[in-house]
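Position one of the sequence shown corresponds to residue 1 (UniProt numbering), numbered consecutively onward.
Everything on this sheet refers to the single structure shown next.
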Amino acid sequence: MDFDEYRRRGKEMVDYIADYLQNIRERRVFPEVQPGYMRNLVPESAPLEGEPWASIFGDVERVIMPGVTHWQSPHMHAYFPALNSFPSLLGDMLADAINCLGFTWASSPACTELESIVMNWLGKMVGLPDDFLHLPAMSKGGGVIQTTASEATLVCLLAGRTLAIRRFHEHTPGLQDAEINARLVAYCSDQAHSSVEKAALIGLVRMRFIEADDQLSLRGDALRDAIEEDIRQGLIPFWVCATLGTTGACAFDNLAEIGEVCSRFNVWLHVDAAYAGSAFICPEFRVWLKGIEKADSIAFNPSKWLMVHFDCTAMWVKNSGALHRTFNVEPLYLQHENSGLAIDYMHWQIPLSKRFRALKLWFVLRNFGIKGLQKHIREGVRLAQKFEALVLADPRFEIPAARHLGMVVFRIKGENELTEKLLKRLNHRGHLHAVPASLKGRYVIRFTITSTYTSNEDILSDWNEIRTVTTELLSELNVQVNVARDRVPLKETREKNEAFGSSLLLANSPMSPKIVNGSFAAIFDADEFLAKVYAGIRISNQDSPAMRRRVRGILMSGKQFSLDSRMDLVVHGISPGEVKNGIESKPISEDLEEVWEGTKGRLHATVEWLHALRKRFTRDIHPFFDFHFEQLVSRWSYRTKQTAPRTNLRATYSIIFNILLPINIPGSYNRFQFLPHLPCRHGVDRKVWTPALFGPMLTPLAGKLCSNRKKPSPGPSLTTVQPIV
1 MDFDEYRRRG KEMVDYIADY LQNIRERRVF PEVQPGYMRN LVPESAPLEG EPWASIFGDV
61 ERVIMPGVTH WQSPHMHAYF PALNSFPSLL GDMLADAINC LGFTWASSPA CTELESIVMN
121 WLGKMVGLPD DFLHLPAMSK GGGVIQTTAS EATLVCLLAG RTLAIRRFHE HTPGLQDAEI
181 NARLVAYCSD QAHSSVEKAA LIGLVRMRFI EADDQLSLRG DALRDAIEED IRQGLIPFWV
241 CATLGTTGAC AFDNLAEIGE VCSRFNVWLH VDAAYAGSAF ICPEFRVWLK GIEKADSIAF
301 NPSKWLMVHF DCTAMWVKNS GALHRTFNVE PLYLQHENSG LAIDYMHWQI PLSKRFRALK
361 LWFVLRNFGI KGLQKHIREG VRLAQKFEAL VLADPRFEIP AARHLGMVVF RIKGENELTE
421 KLLKRLNHRG HLHAVPASLK GRYVIRFTIT STYTSNEDIL SDWNEIRTVT TELLSELNVQ
481 VNVARDRVPL KETREKNEAF GSSLLLANSP MSPKIVNGSF AAIFDADEFL AKVYAGIRIS
541 NQDSPAMRRR VRGILMSGKQ FSLDSRMDLV VHGISPGEVK NGIESKPISE DLEEVWEGTK
601 GRLHATVEWL HALRKRFTRD IHPFFDFHFE QLVSRWSYRT KQTAPRTNLR ATYSIIFNIL
661 LPINIPGSYN RFQFLPHLPC RHGVDRKVWT PALFGPMLTP LAGKLCSNRK KPSPGPSLTT
721 VQPIV
């Protein structure tokens, strides 16, 4: 093949790839082949003479495609994503043409320097501390691109082992490395990935699996108890792996608690965030990253969810010297005049050579930008939320573990055998593909959003397939699934909360809560807090007569606010007059202080105030607020400090006001929120009161916002929100 033919054949291949991805819905996701199918399609020996390209390329559809599992299909829901994108494909095309081997800086300076730069970019994007970045004269840390998260785990375990052996030699000289190694013990959750166990096998160290809690999370107390027990047995704890986004259910270990324990016992803390790490480019998901400053290393796969195709694993360490001490083999032929002055990545990894992987990552980060990648992540989460709502709407199914990010686990109620048969039948039919997991003895189906091409229609199509197959299966087996929903008698509810059900104002509104035979409930129940709010309300001459009558009526009757009543108060500003002590209330953070002074403590929201709130929320926790903030703001048709028409603000204010004054219903009822522009179920028989598309996050948010305030001020501002437990 000469240059001219390469140009021609290259264009043909690009067209083939584009057609393949564009029409991928037409292909069966999981192939209908048996092991050894290809032996009958290709010769037993390589050809003696070269074959024409047309013959080779023609065999792609005849030989290869019948046995391909189509990971880019929108109906592929197995494993985790393995995405690609056109900038990534083009980047690797160029990297493969250059074909440099970047083991030292001198072997290809551009390969080394671009990798260190894009690893700094990516580290800043996900919110890593500077200790993990390549910052000359400021940090010993830095990032490197490994092949897989499995390799990153092994590299960090071996580095931690080296440090532990050196440290033990300092205190107990005379022992051989093998004697110390035999006493080393590492720790992880029983939900950790299999690669963690494999790393321990290769490193010849013990691995202790610690049982996760009911939320499938490894907690600090359990880790501390295990370490203390092993120390009493004469073992040497040296390494812990915390998982952010487990394979079975995308659960998150408590990184903050684990970090405290690791710091106390001076053990290496590695964070495996293979799937979930990509989501940390969205600030609202970084709540799970709290405590990362205690970690020694972290790795995740941009090749899973950041539009960079396999292989590409981003790994950062705080102390690159630990890697050098573990992997430093420097023969004369690998030395160069800048050794010690520049990064030589051969000391950061197990292989000597490395591909120019940074090029495709650089192309993707530049072409999509941070906002484009954030949009992609949030869309995946939204689609998973949609599927979760569909599952919850069918009483034959249950979701045994909380949905996080883009993965939902579900099962048929009853014996494991039912769900296992359902999954086998789904995969056999070929419309979609999924894999199972075992969560504390329960067989579940993992449903992950894995394709950039997945749409609402694809989710509905897959759900219809699942429902159809389930109906057929249960009918054939003559099995009746218990679809009865637990009812909570109103009497029992009122024993927990005597004020429950005291207000049913304006229940004819589609936004308003209703109580039907004790089965549906939504009531603003925060007596003590509201009493303080009422005490701070005064009527101003600026208020309309209708508004003054309404406020007087509510205060005199002592009734709870219905949602509509609260909406009216918010829309009219409760009131344009100032609230007692409101002006003196200190804002929750310095970044809100200037805006707070501008609003003078009034509850009615200005554009500036809500933009400041947005910064606060997206910096800390709330995964829902920022996602829809832009479309909410677009509804506002008023200027600063002017009241907006209620028709334009109804949905917006219901969200804002429930953030300011979250609903507190005891027991299982304390997770309610309103999203009136979406279909919403208010049934108390659900473990989680979920709107059709969004999870209930407001109660935890309220507690988070004021967790550091000892004496909340009484005015109706963010400083008065009480933590709800």
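Cβ coordinates follow ideal geometry from the N, Cα and C atoms, glycine included.
Worksheet entry | First and last residue of the uninterrupted alpha helix (DSSP H) at residue 143 | What you label residue 143 is simply residue 143 of the sequence shown in a count that begins at 1. First-last for residue 143: 142-146, but that is the beta strand (DSSP E), not the alpha helix (DSSP H).
Worksheet item: By Cβ distance below 6 Å, which residues in the same chain neighbour residue 263 in space, the five residues on each side in sequence not counted?
Response: Here residue 263 refers to the residue found at position 263 of the sequence shown. 294, listed in sequence order.
Discussion item. Going residue by residue through the segment 186-223, where are the continuous beta strand (DSSP E) segments of at least 3 residues, counting only ones entirely within it?
Written reply: 206-210
Worksheet item: Can you tell me whether DSSP reads residue 153 as helix, strand or coil?
Response: Residue mapping note: residue 153 aligns to position 153 of the sequence shown, counting from 1. Residue 153: helix per DSSP, three-state reduction.
Worksheet item: Are at least three pairs of beta-carbons, each pair with one atom in the segment 265-274 and one in the segment 39-48, less than 8 Å apart?
Response: no
Fill in: Sequence-distant residues of the same chain with beta carbon closer than 8 Å to residue 183, five excluded per side
Sequence index remark: in the sequence shown, residue 183 carries index 183 (1-based). 234, 235 and 236.
Item to complete: Go to residue 443, then tell me how far its beta strand (DSSP E) extends in each direction, as first and last residue.
Response: The residue labelled residue 443 in the question sits at position 443 within the sequence shown. First-last of the beta strand (DSSP E) with residue 443: 442-448.
Worksheet item: Which partner residues of residue 398 appear in the DSSP bridge assignment?
Response: By one-based count along the sequence shown, residue 398 stands at place 398. Beta-bridge pairing links residue 398 to 411.
Practice prompt. Would you tell me roughly how many angstroms separate the C-alpha atoms of residue 65 and residue 281, rounded to the nearest one?
Written response: By 1-based counting over the sequence shown, the position of residue 65 is 65. By 1-based counting over the sequence shown, the position of residue 281 is 281. Near 35 Å, if we compare the C-alpha coordinates of residue 281 and residue 65.
Worksheet item: Which residues bound the beta strand (DSSP E) around residue 469?
Response: Position 469 of the sequence shown, counted from the first residue, corresponds to residue 469. Careful: residue 469 lies outside any beta strand (DSSP E), inside the alpha helix (DSSP H) at 456-477.
Worksheet item: Terminal residues of the continuous beta strand (DSSP E) containing residue 438?
Response: By 1-based counting over the sequence shown, the position of residue 438 is 438. Start and end: 435-439.
Item to complete: Pull up the DSSP beta-bridge partners for residue 297, would you.
Response: Counting from one through the sequence shown, the residue named residue 297 turns up at place 297. Answer is 270 and 317, bridged to residue 297.
Worksheet item: Going straight from the alpha carbon of residue 119 to that of residue 358, what length do you get?
Response: Residue 119 sits at position 119 when you count from the first residue of the sequence shown. Residue 358 sits at position 358 when you count from the first residue of the sequence shown. Going by the C-alpha atoms only, they are around 8 Å apart.
Practice prompt. Return helix, strand or coil for residue 16, following the three-state DSSP convention.
Written response: Sequence index remark: in the sequence shown, residue 16 carries index 16 (1-based). It is helical.
Discussion item. Quick check: what's the CA-CA separation for residue 190 versus residue 147?
Written reply: Within the sequence shown, the letter at position 190 stands for residue 190. Within the sequence shown, the letter at position 147 stands for residue 147. The alpha-carbon atoms of residue 190 and residue 147 are separated by roughly 25 Å.
Worksheet item: Quick one: is residue 533 buried, meaning 16 or more other Cβ sit within 10 Å of its Cβ, or exposed?
Response: Here residue 533 is taken as the residue at index 533 of the sequence shown, counted from 1. In this predicted model, residue 533 has a pLDDT of only 49, less than 50, meaning its place in the structure is not dependable; the value taken from the coordinates is given anyway. Buried, because 16 or more other Cβ atoms sit within 10 Å of the Cβ of residue 533.
Item to complete: Rank 425, 215, 366 and 429 by C-alpha distance to the C-alpha of residue 474 and give the top, closest one.
Response: Here residue 474 refers to the residue found at position 474 when the sequence shown is read from its first residue. When only C-alpha atoms are compared, the closest one is 425.
Worksheet item: If you run the structure through DSSP and keep just helix, strand and coil, what is residue 350?
Response: Numbered from 1 along the sequence shown, position 350 holds the residue referred to as residue 350. Three-state DSSP puts residue 350 in coil, outside helix and strand.
Worksheet item: Buried or exposed: residue 466, going by 16 or more other Cβ atoms within 10 Å of its Cβ?
Response: Residue mapping note: residue 466 aligns to position 466 of the sequence shown, counting from 1. It counts as buried.
Worksheet item: Do you know whose CA, among 371, 370, 399 and 296, lies nearest residue 384's CA?
Response: The residue labelled residue 384 in the question sits at position 384 within the sequence shown. Comparing Cα-Cα distances from residue 384 to each of 371, 370, 399 and 296, the minimum goes to 399.
Practice prompt. Assign residue 3 to buried or exposed, taking buried as 16 or more other Cβ atoms, counted over all protein chains shown, within 10 Å of its Cβ.
Written response: On the sequence shown, residue 3 is found 3 positions in, with the first residue counted as 1. Answer is exposed; the Cβ neighbour count stays below 16.
Worksheet item: Hey, how far is the Cα of residue 314 from the Cα of residue 82?
Response: To locate residue 314, count along the sequence shown from 1; it is residue 314. To locate residue 82, count along the sequence shown from 1; it is residue 82. In a straight line, the C-alpha of residue 314 is about 15 Å away from that of residue 82.
Item to complete: Sort out for me which residues DSSP pairs residue 121 with in a bridge.
Response: Counting from one through the sequence shown, the residue named residue 121 turns up at place 121. DSSP output for residue 121 lists no bridge partner at all.
Worksheet item: Under the rule that 16 or more other beta-carbon atoms within 10 Å means buried, what is residue 155, buried or exposed?
Response: Along the sequence shown, read from residue 1 onward, the residue named residue 155 stands at position 155. The residue is buried, with at least 16 neighbouring Cβ atoms inside 10 Å.
Worksheet entry | the segment 372-383 contacting the segment 451-465, beta-carbon criterion three pairs below 8 Å | yes
Worksheet item: DSSP three-state call for residue 162: helix, strand or coil?
Response: For the purposes of this step, residue 162 is taken as the residue at position 162 of the sequence shown. In this structure, residue 162 counts as helix in the three-state DSSP scheme.
Practice prompt. Could you check the C-alpha separation between residue 203 and residue 159 for me, to the nearest Å?
Written response: For this step, residue 203 is matched to residue 203 along the sequence shown. For this step, residue 159 is matched to residue 159 along the sequence shown. Straight-line Cα distance between these residues: approximately 10 Å.
Item to complete: With a 10 Å radius around its C-beta and 16 neighbouring C-beta atoms as the bar for buried, classify residue 445 as buried or exposed.
Response: Within the sequence shown, residue 445 is the residue found at index 445, counting from 1. By the 10 Å Cβ count, residue 445 comes out buried.
Worksheet item: If we call anything under 8 Å between Cβ atoms a contact, is residue 217 one with residue 254?
Response: As a working note, residue 217 is residue 217 in the sequence shown. As a working note, residue 254 is residue 254 in the sequence shown. Going by C-beta atoms, residue 217 is nearer than 8 Å to residue 254.
Worksheet item: Buried or exposed: which applies to residue 245, given that a residue is buried once 16 or more other Cβ atoms fall within 10 Å of its Cβ?
Response: Locating residue 245 in the sequence shown gives position 245, counting from the first residue. Result: buried.
Discussion item. DSSP three-state label for residue 649, please.
Written reply: In the sequence shown, counting from the first residue as 1, residue 649 sits at position 649. Confidence in residue 649 is poor, its pLDDT being 35 and thus under 50, which makes the residue's placement unreliable; the coordinate value appears in the next sentence. Three-state result, residue 649: helix.
Worksheet item: If we ignore side chains and look at the alpha-carbon of each, how far apart do residue 73 and residue 362 end up?
Response: Within the sequence shown, residue 73 is the residue found at index 73, counting from 1. Within the sequence shown, residue 362 is the residue found at index 362, counting from 1. About 25 Å.
Worksheet item: Near residue 309, what residues of its chain come up, given a Cβ to Cβ distance below 8 Å and the 5 sequence neighbours on each side ignored?
Response: Start at 1 with the first residue of the sequence shown, and residue 309 comes out as number 309. The residues are 82, 83, 84, 85, 88, 89, 92, 303 and 360.
Worksheet item: Would DSSP call residue 53 helix, strand or coil?
Response: In the sequence shown, counting from the first residue as 1, residue 53 sits at position 53. It is helical.
Item to complete: Can you give me the start and stop residues for the alpha helix (DSSP H) that residue 302 sits inside?
Response: As a first step, residue 302 must be located in the sequence shown, where it is residue number 302. Where residue 302 is concerned, the enclosing alpha helix (DSSP H) stretches over 302-305.
Item to complete: Under 8 Å Cβ to Cβ from residue 121, same chain only, skipping five residues before and after it: list those, please.
Response: Locating residue 121 in the sequence shown gives position 121, where the first residue counts as 1. The answer, listed in chain order, is 365.
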